[in-house]
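**Q**
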Amino acid sequence: MRIQRSVLITFFLFLIGTYSPAQIERGSLILPQHPPELTGLINKDQIDLKKLRELTNFLTNRDIKFYQEVPLKKRKKAFLRHIKHLSEKLEWEYFNKVSLTDSTIEILYEMLLFEKSMKHSAILEANSTLSFQQKRRLLKNTKKSLRMFSFERKKTGEKTVLQVKNSPFWHQPDTLAGIHLQFDDLAKQKKIKARKRMVIVFKELSYSGSTPKIKANDLDFDNEWSLKWGDEAHTDVLGSRIFAALGYDVDHPYFYGEDQLTLVFDGIQTVKNSVQLVDSLTFIYGVDISPFISTAGIVTQEMAKEHKKLNPYIGFEYVRFKKCFIEGRPDRVKRIGTIIPGLLKNEQRRELRAALLAHAFIGNWDTREENTALTTVHDGNYNYRISAVFADLGTSLGVKVSPLSGDFKVGLVNELSWEVFQIKKNKIILKNSINAILKPYQAATYEDLRWMADKIRHITGEMLAEMIDEAGWPAPIAALYFQKMASRRASILLAFDLKDPHPIPFDKMLTVIEDGVKVVDNGKLIIDYEREKNPESFLSTKGRKRNYGH
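All you need for the numbering used here is the position in the sequence shown, starting with 1, plus 902.
#1: Which partner residues of residue 1351 appear in the DSSP bridge assignment?
#2: Restricting to Cα atoms, I'd like to know which of 1011, 967, 1248, 1041 is closest to residue 1267.
#3: May I have the straight-line CA-CA distance separating residue 1162 from residue 1331, to the nearest angstrom?
#4: So what's residue 1284 in DSSP terms, helix, strand or just coil?
#5: What number of angstroms, rounded off, separates the C-alpha of residue 1136 from the C-alpha of residue 1015?
#6: Output the distance between the C-alpha atoms of residue 927 and residue 1095, rounded to the nearest integer angstrom.
#7: Indicate whether residue 896 and residue 987 have their beta-carbon atoms separated by less than 9 Å.
#8: Once DSSP output is grouped into helix, strand and coil, what is the label at residue 949?
#9: Take every Cβ of the stretch 1333–1344, pair it with every Cβ of the stretch 1246–1262, and state whether three or more of those distances are shorter than 8 Å.
#10: Could you give the first and the last residue of the continuous alpha helix (DSSP H) run that contains residue 941?
#11: Buried or exposed for residue 1077, going by 16 or more other Cβ atoms inside 10 Å?
#12: Where does residue 1042 sit, in a helix, a strand or coil, going by DSSP?
#13: Assign residue 1084 to one of two classes, buried (16 or more other C-beta atoms within 10 Å of its C-beta) or exposed (fewer than that).
#14: Figure out for me which residue from 1081, 1237, 1435, 1227 has the closest Cα to the Cα of residue 1292.
#15: Please work out which residues of its chain come closer than 7 Å, Cβ to Cβ, to residue 969, disregarding the five sequence neighbours upstream and downstream, and give them in chain order.
#16: Check for me: the alpha helix (DSSP H) holding residue 1361 runs from which residue to which?
#17: Under the three-state reduction of DSSP, which class applies to residue 1343: helix, strand or coil?
#18: Contact check, residue 1115 vs residue 1126 under 8 Å by CB: the rounded distance?
#19: Please classify residue 1361 as buried or exposed, where buried requires at least 16 neighbouring CB atoms within 10 angstroms.
#20: Within the same chain, show all residues whose beta-carbon is closer than 6 Å to that of residue 937, passing over the 5 residues directly before and after it, in chain order.
#21: Given this structure, state the Cα-to-Cα distance separating residue 1153 from residue 1106, to the nearest angstrom.
#22: Quick check on residue 1434: does DSSP put it in helix, strand or coil?
#23: Please identify the residue among 1416, 1214, 1134 whose C-alpha is closest to the C-alpha of residue 1297.
#24: What do you get for residue 1201, buried or exposed, if any count of 16 or more other CB atoms within 10 angstroms of its CB means buried?
#25: Just how far apart, CA to CA, sit residue 1151 and residue 1418?
#26: Can you find at least 3 beta carbon pairs, one from the stretch 1318–1330 and one from the stretch 1381–1399, that sit closer than 8 Å?
#27: With a Cβ-Cβ cutoff of 9 Å, do residue 989 and residue 941 count as a contact?
#28: Considering residue 1182, what are the terminal residues of the alpha helix (DSSP H) in which it resides?
#29: Hey, could you find the ends of the beta strand (DSSP E) residue 1102 is sitting in?
#30: Pop quiz: residue 1019 and residue 1240 are said to be a contact at Cβ under 8 Å. What is the actual Cβ separation, rounded to whole angstroms?
#31: When you compare only the Cα positions, how much space is there between residue 1244 and residue 1433?
#32: Whole-angstrom Cβ separation of residue 992 and residue 1006, contact assumed at under 8 Å?
#33: Taking 8 Å as the cut-off, does the stretch 1374–1389 touch the stretch 1414–1429 (at least 3 CB pairs, one atom from each stretch)?
#34: Less than 7 Å between C-beta atoms, sequence neighbours within five positions excluded: which residues of the same chain meet that for residue 1317?
#35: In the DSSP assignment, find the unbroken alpha helix (DSSP H) run with residue 1235 in it and report its ends.
#36: Between the stretch 1349–1368 and the stretch 1267–1283, can you find at least three pairs of beta-carbon atoms closer than 8 Å?
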């Protein structure tokens, strides 16, 4: 009878297009110990229909606009369809008296995760303006984190690295030989198409975060893009690609150099030219982006011949930049809330605990919950899945925090240390400072970090070079970053006694001379390299007094 029911369930799932057995295996949410909230949705050996419907109603009822007097985000249509498919399957199982299966537990867990994420994100959003006490806590964590992550080294063999099931929080790449292409594979799944030369149309101003940004559409109006400027233009690009190579889902930032991206104004929106753009961003973020502007002008017929879809914009203004970066906001992906590592026993997840070392590898400082996103992804044919995203990984690769002024600067290659760990006798001490010590990171063990170190060791020199090249640094800066990241990788493998399958030579005394001028001396950048082309500066520690944009 169980076999017949299993076949029937599989056939039913095929018909409604919700899940397949392969997808459940790819994205297991099941934990060794279920959270109490999950038990509350189960009555004896069956789903509690009343509580299921209450949960479904909260997730899908757009008239429920507040939680604890805090406004909830508007529910997107794709999310409503996602939840509807899940709920319909569970109700079908209930009325057909199907016994609880792992598949049922997965779906209950997924719906509960969405509910907790929605509620938690609403509270975070309501408190997005940091209080004095919150600022103090971030600075306290920055100092505390340098002391608290100490691990006793253990003698373990090569074969003792435990495996982790694929989940919405992490996924094993299909082949080790192509892990550096995971970023592109994820983008392809989400239908993100970033061309070598981009033309985008201004949509609206943005008011979130600390990095000056706007919203724009591509000429096909298929996808939205977030266009950004500043010191994260390179770091976010590399950090996101490394996290993707390690198995995590990420946002998709792309670097664009001089005149490689054209921003067109349609004459309808509030901002109609580059002058108004500069004024608006200065008002919102307190940042003058004019040093990043390369050229501005009027869209001509000649330009429209190169890009036929520019025809409707002939006569309207455009602007190009010395450097910028765009981040995909694909229509297929809807953000629901944060990953909420402090809820639903997610600290039990090795893939989340081990992310502590992934953050340390790229030197990421801003590890707040707000820099994660729980998403619903539409794969087509009415098939939806849940995925957890590590976002905003640009506060990395050399960070300088100034407590007195409340300022911070990123992408300072001289601030990035050559080693990730300090080894004292039989202990390894993590040297990376973070501003939010989340529960999974507090719970991280030697074995968790060693599991991540095993992933890091499969990054080869060729992969590292290719990912750094995507970040668009000038050659001398890129060369120094390559040496430092190779050294940091080696220090991780040494700390965990892992054999290096692809040793990457590095030189801590690297010297780079360009056109007779010494740019890098003994592993240190010594001149403010081409400041006109790089307005953010790779040496100046003065940031933007961003205070997270608030």
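From the three backbone atoms N, C-alpha and C, an ideal C-beta is built for every residue, glycine too.
**A** Reading from the atomic positions:
#1: On the sequence shown, position 449 is the one that residue 1351 refers to. In the DSSP output, where bridge partners are listed per residue, residue 1351 has none listed.
#2: The residue labelled residue 1267 in the question sits at position 365 within the sequence shown. Of the candidates 1011, 967, 1248, 1041, the one whose C-alpha sits nearest the C-alpha of residue 1267 is 1041.
#3: Within the sequence shown, the letter at position 260 stands for residue 1162. Within the sequence shown, the letter at position 429 stands for residue 1331. About 43 Å.
#4: The count along the sequence shown starts at 1 and reaches residue 1284 at position 382. If DSSP states are grouped into helix, strand and coil, residue 1284 belongs with coil.
#5: Position 234 of the sequence shown, counted from the first residue, corresponds to residue 1136. Position 113 of the sequence shown, counted from the first residue, corresponds to residue 1015. Approximately 33 Å between the Cα atoms of the pair.
#6: In the sequence shown, residue 927 corresponds to position 25, counting from 1. In the sequence shown, residue 1095 corresponds to position 193, counting from 1. For residue 927, the predicted model reports a pLDDT of 36, less than 50, meaning its position is unreliable; a value from the coordinates is still stated below. Answer to the nearest angstrom: the Cα atoms are 28 Å apart.
#7: Residue 896 lies beyond the range of the chain shown here (903 to 1452); nothing can be said about it.
#8: On the sequence shown, residue 949 is found 47 positions in, with the first residue counted as 1. The answer is strand: DSSP assigns residue 949 an E or B state.
#9: yes
#10: The count along the sequence shown starts at 1 and reaches residue 941 at position 39. 938–941 is the extent of the alpha helix (DSSP H) around residue 941.
#11: Within the sequence shown, numbered from 1, the residue matching residue 1077 stands at position 175. Classification of residue 1077: exposed, given that the 10 Å Cβ count is below 16.
#12: Locating residue 1042 in the sequence shown gives position 140, where the first residue counts as 1. Here residue 1042 sits in helix by DSSP.
#13: Here residue 1084 is taken as the residue at index 182 of the sequence shown, counted from 1. Buried, since its Cβ has 16 or more Cβ neighbours within 10 Å.
#14: For the purposes of this step, residue 1292 is taken as residue 390 along the sequence shown, with counting starting at 1. Nearest of 1081, 1237, 1435, 1227 to residue 1292, Cα basis: 1237.
#15: In the sequence shown, the residue the question calls residue 969 occupies position 67. Taken in chain order, the residues that qualify are 1021, 1024.
#16: As a first step, residue 1361 is located in the sequence shown; it is residue number 459 there, counting from the start. Looking at the DSSP string, residue 1361 is not in any alpha helix (DSSP H), and its letter there is neither H nor E.
#17: Within the sequence shown, residue 1343 is the residue found at index 441, counting from 1. Helix at residue 1343.
#18: As a working note, residue 1115 is residue 213 in the sequence shown. As a working note, residue 1126 is residue 224 in the sequence shown. About 12 Å; that fails the 8 Å criterion.
#19: Position 459 of the sequence shown, counting from 1, holds the residue named residue 1361. When all chains shown are included, residue 1361 counts as buried.
#20: Along the sequence shown, read from residue 1 onward, the residue named residue 937 stands at position 35. Excluding positions up to five away in sequence, the list reads 1246, 1247.
#21: For the purposes of this step, residue 1153 is taken as residue 251 along the sequence shown, with counting starting at 1. For the purposes of this step, residue 1106 is taken as residue 204 along the sequence shown, with counting starting at 1. One C-alpha to the other measures close to 20 Å.
#22: Indexing the sequence shown from 1 puts residue 1434 at position 532. If DSSP states are grouped into helix, strand and coil, residue 1434 belongs with coil.
#23: In the sequence shown, the residue the question calls residue 1297 occupies position 395. Minimum Cα distance to residue 1297 is reached at 1134.
#24: Against the sequence shown, residue 1201 aligns to sequence position 299. It counts as buried.
#25: Stepping through the sequence shown from its first residue, residue 1151 is reached at position 249. Stepping through the sequence shown from its first residue, residue 1418 is reached at position 516. Straight-line Cα distance between these residues: approximately 43 Å.
#26: yes
#27: In the sequence shown, counting from the first residue as 1, residue 989 sits at position 87. In the sequence shown, counting from the first residue as 1, residue 941 sits at position 39. Result no, Cβ atoms of residue 989 and residue 941 do not sit closer than 9 Å.
#28: Locating residue 1182 in the sequence shown gives position 280, counting from the first residue. First-last of the alpha helix (DSSP H) with residue 1182: 1176–1187.
#29: The residue labelled residue 1102 in the question sits at position 200 within the sequence shown. Where residue 1102 is concerned, the enclosing beta strand (DSSP E) stretches over 1100–1107.
#30: Translated into positions along the sequence shown, residue 1019 becomes position 117. Translated into positions along the sequence shown, residue 1240 becomes position 338. Going by Cβ atoms, the distance from residue 1019 to residue 1240 rounds to 6 Å, so yes, they are a contact pair.
#31: Within the sequence shown, residue 1244 is the residue found at index 342, counting from 1. Within the sequence shown, residue 1433 is the residue found at index 531, counting from 1. Computed Cα separation, rounded: 43 Å.
#32: Translated into the one-based positions of the sequence shown, residue 992 becomes position 90. Translated into the one-based positions of the sequence shown, residue 1006 becomes position 104. Yes, residue 992 and residue 1006 are in contact; Cβ-Cβ is about 7 Å, under 8 Å.
#33: yes
#34: Here residue 1317 refers to the residue found at position 415 when the sequence shown is read from its first residue. Taken in chain order, the residues that qualify are 1300, 1301, 1302.
#35: Along the sequence shown, read from residue 1 onward, the residue named residue 1235 stands at position 333. From DSSP, residue 1235 is part of no alpha helix (DSSP H) but of the beta strand (DSSP E) over 1235–1239.
#36: no
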